[in-house]
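Residues in the sequence shown are numbered from 992 upward in steps of one, following the working numbering.
Glycine included, C-beta positions come from ideal geometry on N, C-alpha and C.
Worksheet for the structure shown next.
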Amino acid sequence: KTVMRSGTLSDKVAAMALTVSSNPLASMDVLRRLLAMAGKKGRRESQLAIDALADLFSNNLLPSDRALVGFNDQIVKLSFRGLKAITDEHLLHWIAEAEIKIKY
């Protein structure tokens, strides 16, 4: 966290990427900050963020075996399978996946 606040730009981006890759569900706000950095006008800042995001999405955030599924589609898919018990863990993963889908 200290590096993300007071380190060099390269160190900040690397720390943010490491935080998101280690626990994507708990670091959605850090992912949002990286996405905001990618849209800034400063060429170096945006390029570092874009490179980190490309790596994160391809290696950590996107499932390799299927497309991302939106929140409402998860519920429909689940009802077709006949699963009746939706746990808090299901909801947490679905919300995170839906947000990643929107951001991607």
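P1054 (DSSP reduced to helix, strand or coil): coil
Among A1008, S997, L1000, which residue has its Cα nearest to the Cα of N1096? The chain is shown from 992 up to 1095; residue 1096 falls before or after that span and cannot be answered.
To the nearest angstrom, how far is it from the Cα of G1033 to the Cα of L1000? 12 Å
Check this for me: beta carbons of A1089 and V1067, under 9 Å apart or not? no
What are the boundary residues of the alpha helix (DSSP H) that includes I1091? 1079–1094
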